[in-house]
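Worksheet for the structure shown next.
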Amino acid sequence: MKIGIDRIGAYVPSEVLRAEVLAEARDIPLGKLKDGLGVHAMAVVPPWEDTVSLAANAGLRALGDDVAAEEIGLCIVGTESGVDHSKPTAIFVHELLGLPSNCRTYEVKHACFGGTAALLTAMDWIASGSARGRKALVIASDIAKYPPGSAGEPTQGAGAVALVVSENPALVEMDRSTTGVFAGQVHDFWRPLDQTQAIVDGKYSVDCYLEALEHAFADYARQQEGEDNGEPLSDRFARLIFHAPFPRMASKAHTRMVVDDWQSNSARSAQLPEDLTELVEKDAGERVDPTLWATRLIGNTYTASMYFGLAAILEREAAELEGKTLGFFSYGSGCCSEFFAGQIVEGASRVAEKIGLGELLERRKEVSMAEYERHHAKSDLRATENPEKPGSHFAGPIYFAGTIDEKRTYASHGRGASVAR
Numbered sequence: 002m003k004i005g006i007d008r009i010g011a012y013v014p015s016e017v018l019r020a021e022v023l024a025e026a027r028d029i030p031l032g033k034l035k036d037g038l039g040v041h042a043m044a045v046v047p048p049w050e051d052t053v054s055l056a057a058n059a060g061l062r063a064l065g066d067d068v069a070a071e072e073i074g075l076c077i078v079g080t081e082s083g084v085d086h087s088k089p090t091a092i093f094v095h096e097l098l099g100l101p102s103n104c105r106t107y108e109v110k111h112a113c114f115g116g117t118a119a120l121l122t123a124m125d126w127i128a129s130g131s132a133r134g135r136k137a138l139v140i141a142s143d144i145a146k147y148p149p150g151s152a153g154e155p156t157q158g159a160g161a162v163a164l165v166v167s168e169n170p171a172l173v174e175m176d177r178s179t180t181g182v183f184a185g186q187v188h189d190f191w192r193p194l195d196q197t198q199a200i201v202d203g204k205y206s207v208d209c210y211l212e213a214l215e216h217a218f219a220d221y222a223r224q225q226e227g228e229d230n231g232e233p234l235s236d237r238f239a240r241l242i243f244h245a246p247f248p249r250m251a252s253k254a255h256t257r258m259v260v261d262d263w264q265s266n267s268a269r270s271a272q273l274p275e276d277l278t279e280l281v282e283k284d285a286g287e288r289v290d291p292t293l294w295a296t297r298l299i300g301n302t303y304t305a306s307m308y309f310g311l312a313a314i315l316e317r318e319a320a321e322l323e324g325k326t327l328g329f330f331s332y333g334s335g336c337c338s339e340f341f342a343g344q345i346v347e348g349a350s351r352v353a354e355k356i357g358l359g360e361l362l363e364r365r366k367e368v369s370m371a372e373y374e375r376h377h378a379k380s381d382l383r384a385t386e387n388p389e390k391p392g393s394h395f396a397g398p399i400y401f402a403g404t405i406d407e408k409r410t411y412a413s414h415g416r417g418a419s420v421a422r
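Here is the structure:
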């Protein structure tokens with residue numbers, strides 16, 4: 002049975018802060034942001050957008066005109082920035098998208114791994130026969146927020162990516178036969194229940210990420226023994242899509258993975274120069290950088306990060322990559338990680354041309370430092386204060402309309418009526 006990603010929809014908040022503005026305000030060398038972190042801009046969440054509205058708008062874009070709501074039998078949202086301790090983001094999305102009442106709906110949390118956990122679960126649901134011909138809607142939606150002036154502030158961001166998962170997918174057929182897994186309890190990133198912003202041990206988290214990658218890829222490689230045809234395993238992938246809390250992290254991950262893999266392959270290691278720097282940078286330029294153009298302009302999106310990388314290459318390179326294999330590495334702090342693969346389907350470019358991620362990024366409103374700081378300060382109060390109405394630059398259409406009797410409500414831009422019950 003062929004199972005994978007049939008449609009993809011990406012959505013980002015309607016406002017953006019350029020790296021130049023942040024660097025000047027915080028007296029940070031611009032090169033530290035653009036070259037050191039790979040950050041050129043970060044999404045800013047205005048008061049009328051939240052994790053639910055981001056997820057619902059991404060879901061709308063994924064369903065488009067091609068997938069009817071009635072075709073969806075499972076809706077899972079992966080997030081670590083949910084709006085309620087009990088009520089799942091997914092049930093808001095269920096209503097906002099008009100999904101059927103016999104659609105199983107829930108939320109998944111494991112830091113940035115939540116979206117991948119949701120995708121893998123959806124594929125298993127289809128493979129089990131429980132889908133009965135229906136499709137799954139998997140959405141990764143998050144808002145990455147850190148204190149003003151903190152080391153994490155330049156890596157903030159927000160966005161959502163929605164995946165329609167089905168049999169005989171039109172975009173990416175996933176390889177379900179082999180995945181490499183690594184999990185282990187670490188305190189590299191966490192958010193206590195009484196706090197609205199995460200606690201991060203940045204350097205330690207990078208080390209945890211790289212260790213997880215090493216073990217997950219080794220687990221994947223063990224299952225591929227005897228199938229290498231003498232070539233390094235990492236060379237099989239036309240593109241490598243890494244979880245990217247900041248774009249340079251993907252470059253670090255690529256270096257760790259391919260250098261270890263090349264050096265462990267006797268045939269390849271004999272051909273390697275003593276200084277691998279130029280070779281590694283060239284390889285990253287060909288196989289990793291094309292996945293990061295959107296992330297550089299959005300920032301960290303936690304569960305959605307890796308899937309923005311997928312949307313980015315599908316939008317720009319689907320035609321040339323049809324029939325080629327992609328490598329994915331998903332990491333969630335705490336930690337759980339997984340390495341897996343998928344193949345871009347022949348004809349995928351006809352569907353990928355509808356993604357529209359670049360257009361969405363271009364139409365955002367650039368905000369000043371004062372506007373950004375005002376939104377940042379107000380964001381913790383969204384659950385109790387009615388927000389401003391969306392501006393004319395809002396892409397939407399779904400937005401957070403405030404709370405009534407402690408109940409979150411949402412509306413559709415241009416219609417004005419709340420769609421919450």
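Letter by letter, the sequence shown follows residues 2 to 422 in the working numbering. Where a beta carbon is used, it is the ideal one built from N, C-alpha and C, also for glycine.
Non-local beta-carbon contacts of residue 46 in its own chain, meaning distances under 6 Å to residues more than five positions away in sequence, involve 14, 144 and 159 in chain order.
Taking C-beta atoms under 8 Å as the contact rule, residue 68 and residue 94 fail to qualify, at a distance of about 14 Å. It is roughly 33 Å from the alpha-carbon of residue 408 to the alpha-carbon of residue 357. Taking a 10 Å sphere around the C-beta of residue 371, we find fewer than 16 other C-beta atoms and assign the residue as exposed. Sequence-distant partners of residue 352 (beyond 5 residues in either direction) whose C-beta falls short of 6 Å from its own C-beta, in its chain, are 171 and 172.
According to the DSSP assignment, residue 412 belongs to the beta strand (DSSP E) that extends over 408-413. Distance from the Cα of residue 71 is smallest, within the candidate group 24, 128, 52 and 105, for 105. For residue 302, no alpha helix (DSSP H) run applies, since DSSP gives it neither H nor E. In this structure, 209 is the residue among 209, 175, 305 and 167 with its C-alpha nearest to the C-alpha of residue 186. Spanning the alpha carbons of residue 4 and residue 156 requires a straight line of approximately 34 Å. For the 9 Å CB-CB criterion, residue 31 and residue 20 form a contact.
With a 10 Å radius around the Cβ and a threshold of 16 neighbouring Cβ atoms, residue 273 comes out exposed.
With a 10 Å radius around the Cβ and a threshold of 16 neighbouring Cβ atoms, residue 223 comes out exposed. For residue 307, the closest alpha carbon among the candidates 165, 296 and 316 is that of 296.
By a beta-carbon distance limit of 8 Å, residue 347 contacts residue 324. Their separation comes to about 6 Å. DSSP places residue 2 in no beta strand (DSSP E); its state is neither H nor E. Taking the C-beta atoms as reference points, residue 18 is found no nearer than 9 Å to residue 332. Rounded to the nearest angstrom, the Cβ distance from residue 244 to residue 289 is 12 Å, too far for a contact under 8 Å.
Each of 34, 75, 184 and 121 was checked against the Cα of residue 134, and the nearest Cα belongs to 75. Residue pairing by DSSP puts residue 332 in a beta bridge opposite 338. Ranking 262, 201, 249 and 366 by CA distance to the CA of residue 216 puts 262 first. Between the C-alpha atoms of residue 406 and residue 141 there is a straight-line separation of about 28 Å.
Bounds of the beta strand (DSSP E) holding residue 136 are 136-145. Selection 375, 369, 132 and 390 evaluated against residue 25 yields 369 as nearest (Cα-Cα).
Apart from the 5 residues on each side of it in sequence, residue 35 sits with its Cβ closer than 7 Å to the Cβ of 20 and 41 in its chain, given in chain order. Judged by their CB atoms, residue 163 and residue 12 are nearer to each other than the 9 Å cut-off. Boundaries of the beta strand (DSSP E) around residue 176: 173-184.
Per DSSP, reduced to three states, the secondary structure at residue 39 is coil, with no helix or strand assignment. Contact check for residue 166 and residue 200: beta-carbon distance about 33 Å, past the 8 Å limit, so the pair fails to qualify. Per the coordinates, the alpha-carbon of residue 299 lies some 22 Å from the alpha-carbon of residue 204. Residue 263 sits in a helix when the DSSP states are folded into three classes. A direct Cα-Cα distance of roughly 12 Å separates residue 196 from residue 146.
Cβ atoms of residue 98 and residue 121 stay farther apart than 8 Å, at about 22 Å. Taking residue 388 as reference, the option from 177, 319 and 380 with the minimal CA-CA separation is 380. Annotated three-state conformation of residue 356 is coil, per DSSP. In the structure shown, residue 216 falls within a helical segment according to DSSP collapsed to helix, strand and coil.
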